[in-house]
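J.: Just dropping this structure here.
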Amino acid sequence: GTRMPVALVVGSLAGGMSFEDVQREYDLTPEDIRAALKFASELVDQEQHHPLPV
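For the sequence shown, position 41 matches number 27 in the working numbering, and the numbering has no gaps at all.
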């Protein structure tokens, strides 16, 4: 598979690039982009369920 930092993909989308622009710019498939979003979502979900002790 393609090695691309998840933060780059998510950041590009958050910064206003369209799904199609990200595909073209980084030579990714729709599945690659969805996988990056799923991975980021899972990381955020884990953080919400495991708060650090204060």
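Cβ atoms here follow ideal geometry from the backbone N, Cα and C, with glycine treated the same way.
Quantities reported herein were computed from a predicted structural model and do not represent experimental measurements.
What separation, rounded to the nearest whole angstrom, lies between the Cα atoms of Val8 and Gln32?
T.: Val8 and Gln32: Cα-Cα distance of roughly 26 angstroms.
J.: Do you know how far the Cα of Arg10 is from the Cα of Val40?
T.: Taking the straight line joining both Cα atoms gives about 44 angstroms.
J.: Taking only three categories from DSSP, how would you classify Asp13?
T.: Of the three classes helix, strand and coil, the one that applies to Asp13 here is coil, per DSSP.
J.: Tell me the rounded alpha-carbon separation between Ser27 and Arg20.
T.: Distance between the alpha carbons of Ser27 and Arg20 is about 10 angstroms.
J.: Please state whether DSSP places Val40 in a helix, a strand or coil.
T.: In the structure shown, Val40 sits in coil (DSSP, three-state: anything other than H, G, I, E or B).
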